[in-house]
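Contents: one structure, followed by commentary.
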Amino acid sequence: MNVEVSAASESLSRKGSAQTPAQQESSAAGPVIEVRGLRKTYDGTEAIAGIDLAVRAGEVFAFLGPNGAGKTTTVEILEGYRRRTGGEVCVLGADPAKAGRDWRARIGVVLQESEPEAELTVQECLSLYAGYYPRPRRVGETLELVGLADRRGARCGRLSGGQRRRLDVALALIGDPELIFLDEPTTGFDPAARQSAWQVIAGLRDLGKTVFLTTHYMEEAEYLADRIAVLAAGRIVAEGTAATLGGRDTEASIISFTLPPEVPAADLPPALTASVTITAGGQVEATTKSPLGLLGVLAEWAAARGVDLPDLDVHRPTLEDVYLQLTRVSR
55 MNVEVSAASE
65 SLSRKGSAQT
75 PAQQESSAAG
85 PVIEVRGLRK
95 TYDGTEAIAG
105 IDLAVRAGEV
115 FAFLGPNGAG
125 KTTTVEILEG
135 YRRRTGGEVC
145 VLGADPAKAG
155 RDWRARIGVV
165 LQESEPEAEL
175 TVQECLSLYA
185 GYYPRPRRVG
195 ETLELVGLAD
205 RRGARCGRLS
215 GGQRRRLDVA
225 LALIGDPELI
235 FLDEPTTGFD
245 PAARQSAWQV
255 IAGLRDLGKT
265 VFLTTHYMEE
275 AEYLADRIAV
285 LAAGRIVAEG
295 TAATLGGRDT
305 EASIISFTLP
315 PEVPAADLPP
325 ALTASVTITA
335 GGQVEATTKS
345 PLGLLGVLAE
355 WAAARGVDLP
365 DLDVHRPTLE
375 DVYLQLTRVS
385 R
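Here the sequence shown stands for residues 55 to 385, numbered as in the numbering used here.
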């Protein structure tokens with residue numbers, strides 16, 4: 055992986071406390087994507103029921119939702135491939151339904167599945183696609199960015215699944231777009247290939263690109279996205295960061311540990327027993343919105359009895375927990 059992509063991985067740790075230059079400029083430039091009251095009806099059935107959406111420059115925006123929620127329809131409207139029934143849509147300063155060739159050169163699209171020219175080499179394929187754009191990126195530079203420089207002479211039809219996906223990203227980047235749509239880019243990847251793809255996607259942020267990502271992988275959204283929106287039954291039911299989505303940051307924490315065999319449950323401190331459940335195997339779970347105070351009580355109690363709690367764990371609901379709750383309630 056080249057220096058740009060490695061730097062992108064490091065930038066993820068700073069994502070919550072610092073913004074890239076592109077993100078800092080976004081407040082002045084206005085949203086890259088702005089949607090107001092978007093609706094789409096098929097044969098009397100409302101697939102999108104009046105959603106509002108804004109995506110800022112230089113951010114990775116994740117769009118989550120179950121199958122049939124309206125994600126693909128929304129993305130195709132934003133890309134200019136599908137007509138809307140109602141509402142206002144502005145992407146890169148234009149209405150996608152009326153935008154022309156110059157506007158299309160400013161966006162890149164990575165579909166769930168694609169079929170690059172099997173008999174062309176990777177370099178030949180990129181060179182072919184570069185000819186479709188007025189100001190393409192250099193082919194060699196793009197290959198370096200996605201980690202395919204050492205496969206430039208390989209036939210596209212002989213690439214592995216992970217390499218094919220890198221080629222898909224390269225083809226989306228070759229026109230040097232400002233906005234990139236990634237539709238479930240790592241579906242079917244093994245964990246190593248998925249991590250590698252994440253590094254490439256994170257590197258797009260460092261290039262100042264805006265990324266609109268759809269995914270079914272909660273860990274992918276949590277790892278990559280600056281902000282997340284959840285769509286269910288054609289409506290946006292929650293929006294925020296991975297930490298705050300659906301009130302995740304204010305949810306109660308669960309403190310869990312295994313009760314030592316020699317310690318009876320009745321001996322637990324009163325502050326703990328008020329909100330505790332104990333399984334037949336001695337697994338203790340206490341729910342609290344003030345985990346620090348309860349941990350202090352628990353630590354003093356354990357120290358006084360000379361017992362250890364090696365599997366002590368504190369956690370809030372995961373992003374997947376919150377997502378499942380949001381989409382379940384909205385069905």
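Virtual Cβ for every residue (Gly too), placed ideally from N, Cα, C.
Nearest candidate by alpha-carbon position, reference residue i, set the options
i      : options                           : result
GLY211 : ILE309, LEU221 and ALA203         : LEU221
GLY216 : SER344, ARG248 and VAL193         : ARG248
MET272 : ALA296, LEU233 and GLU88          : ALA296
ALA224 : ARG209, VAL200, ALA208 and ARG206 : VAL200
VAL89  : GLU133, LEU227, ALA340 and GLY112 : GLU133
VAL164 : TRP252, LEU348 and ILE234         : ILE234
ALA357 : THR327, LYS343, GLU374 and LEU322 : LEU322
LEU285 : VAL176, PHE117 and ARG138         : PHE117
LEU363 : GLU316, ASP280, LEU373 and ALA334 : GLU316
For residue i, the three-state DSSP class (helix, strand or coil)
i      : result
VAL86  : coil
ARG206 : coil
GLY162 : strand
ASP237 : strand
VAL200 : helix
LEU213 : coil
VAL129 : helix
ALA353 : helix
ALA172 : coil
THR304 : helix
VAL223 : helix
Per DSSP, cross-strand counterpart(s) of residue i
i      : result
CYS144 : GLU88
VAL254 : BP columns for VAL254 are empty, so no partner.
ILE105 : LEU92
LEU285 : ILE290
ASP367 : SER310
PHE243 : For PHE243, which the question treats as bridged, DSSP gives no partner whatsoever.
GLN337 : THR312
THR342 : SER307
Spatial neighbours of residue i in its chain, beta-carbon cut-off 6 Å, leaving aside the 5 residues before and after
i      : result
ALA320 : none
ALA174 : The question names Ala, but residue 174 in the sequence shown is Leu. The residues are CYS210.
ASP367 : SER310
ALA325 : VAL351
GLY84  : none
Limits of the unbroken beta strand (DSSP E) element including residue i
i      : result
VAL114 : 114-118
VAL361 : Looking at the DSSP string, VAL361 is not in any beta strand (DSSP E), and its letter there is neither H nor E.
THR331 : 330-332
LEU267 : 264-268
Own chain partners of residue i with C-beta closer than 8 Å, once the 5 adjacent residues on each side are dropped
i      : result
TRP252 : THR240, GLU274, TYR277 and LEU278
ALA283 : LEU107, PHE115, ALA116, PHE117, LEU118, ILE290, ALA292 and GLU293
PHE266 : ILE87, VAL109, PHE115, PHE117, VAL129, LEU132, LEU233, ILE234, PHE235 and LEU236
Nonlocal neighbours in the same chain, by C-beta distance under 7 Å from residue i, ignoring five residues either side
i      : result
THR196 : LEU180, ALA224, LEU227 and ILE228
PRO314 : VAL361
SER329 : ALA340, THR341 and THR342
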